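Here is the structure we will look at, set down as C-alpha cells.
Numbering (the UniProt record's numbering), first residue to last: 1 to 253.
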C-alpha cells in the first residue's frame, strides 16, 4: 500500500481585497500518495495554482491543516518553510527561471550545492540527471539563451530533482512550449514518475493531463471530481483520452 505524503483537512484559503474576502479554497480534504502523478485541473480562477502553492508550503493556508509525512506545515515559520521546500520539494514553472549568466551545469549546481556541500557528489549527480533528460555533455557549458524552450525546461526539471525531492510540483510546465518541446518535457516527467518520483502538476491541457494517474478537478475552490486513470500507457492513449474527455464533460469543462 502506498505511503501518504501529503494530507489536508478542511484546507481553506481566503484573500482579502478592498475589504472584500474571496474564498479561493474551501474545506479541502486531500490525500496524496507516494509515487502518484496527480494532475490538478479546473477552469480559470478555480484555485488550481493556489492549491499547488499551499500544498508545497509556498503559501500558507488561511484555515485547516496540511501534513507533510505527518508533520504540520502550519507550525513552521517562514524560515522553516523555506528550509522545508529546499529539502523536500522540487518546483517547475511555466516560466523557466534559469540564471542567464550561468551555464546549464552551473544552474543545476547552484541549487544542488545548497543541500549537498560535497561538490564532487553533486556534480556527478547533476551530470547523470542531465543525461537522463536528454541534455548531452556538449550542452552543459551553454547558457540558457542558447537553449530551445524544451531544453531549458528539461534543465529546469533537473534543477528541481537535484536535491532528491519527496515530491515535484509543476505549474503549467508545458504552457509556453510548442508541441514537440512539450512532448519532450512530458516524456521526461513520465520517465521520472515511473522511476518513483511523486509529482503534482497543474494543467489546463488534456494532452498533458493524460500523463497523470489521478485527476483532481477543482470548481470554485472545491474538489468537484476525482478520476483514477492508472499508469500512463501510450498504446492505450485513445481509450485514456476518451475516458478523460467524458470525465471533463461531466465536470462542466
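Yeah, the Cβ is synthetic: ideal placement off N, Cα and C, and Gly gets one too.
From a predicted model like this one, the values you see are computed outputs, not experimental measurements.
Residue 56 holds the alpha-carbon nearest to the alpha-carbon of residue 165 among 141, 16, 56 and 242.
Annotation: residue 23 to residue 16 spans about 9 Å, alpha carbon to alpha carbon. Its chain contains 211 and 232 as the residues whose beta carbon lies nearer than 6 Å to that of residue 190, once the 5 sequence neighbours on both sides are disregarded; these appear in chain order. Taking the CA atoms as reference points, residue 180 sits about 19 Å from residue 171. Counting of Cβ neighbours within 10 angstroms places residue 197 among the buried residues, the total reaching 16 or more.
Judged by beta-carbon spacing, residue 36 lies within the 9 Å limit of residue 2, meaning their Cβ atoms are closer than that value. Between residue 8 and residue 66 a beta carbon distance of about 5 Å is seen, short of the 8 Å cut, so the two are scored as contacting. For the alpha helix (DSSP H) assignment, the uninterrupted runs of no fewer than 4 residues enclosed by the region 51-124 are, from N- to C-terminal side, 78-88 and 104-112.
Relative to residue 70, the option among 99, 6 and 122 whose CA is nearest is 6. With fewer than 16 other Cβ atoms from the protein chains shown falling within 10 Å of its own Cβ, residue 45 counts as exposed.
The C-beta of residue 63 has fewer than 16 other C-beta atoms within 10 Å across all chains shown, which makes the residue exposed. The alpha carbon of residue 130 has as its nearest neighbour, out of 96, 161 and 50, the alpha carbon of 161. Here residue 219 is not near residue 227, since their CB atoms are 9 Å or more apart. For residue 165, there is no enclosing alpha helix (DSSP H), as DSSP marks it with neither H nor E.
With 16 or more neighbouring CB atoms inside 10 Å of its own CB, residue 184 falls in the buried class.
Non-local beta-carbon contacts of residue 154 in its own chain, meaning distances under 8 Å to residues more than five positions away in sequence, involve 133, 134, 135, 184, 185 and 188 in chain order. Cα atoms of residue 156 and residue 250: separation of roughly 35 Å, rounded to the nearest angstrom. Boundaries of the alpha helix (DSSP H) harbouring residue 206: 206-209, taken from the DSSP string. In this chain, residue 27 is not harboured by any alpha helix (DSSP H); it is covered by the beta strand (DSSP E) spanning 20-33.
Taken through DSSP and simplified to helix, strand or coil, residue 139 comes out as helix. By the 16-neighbour rule on beta-carbons within 10 angstroms, residue 193 is buried.
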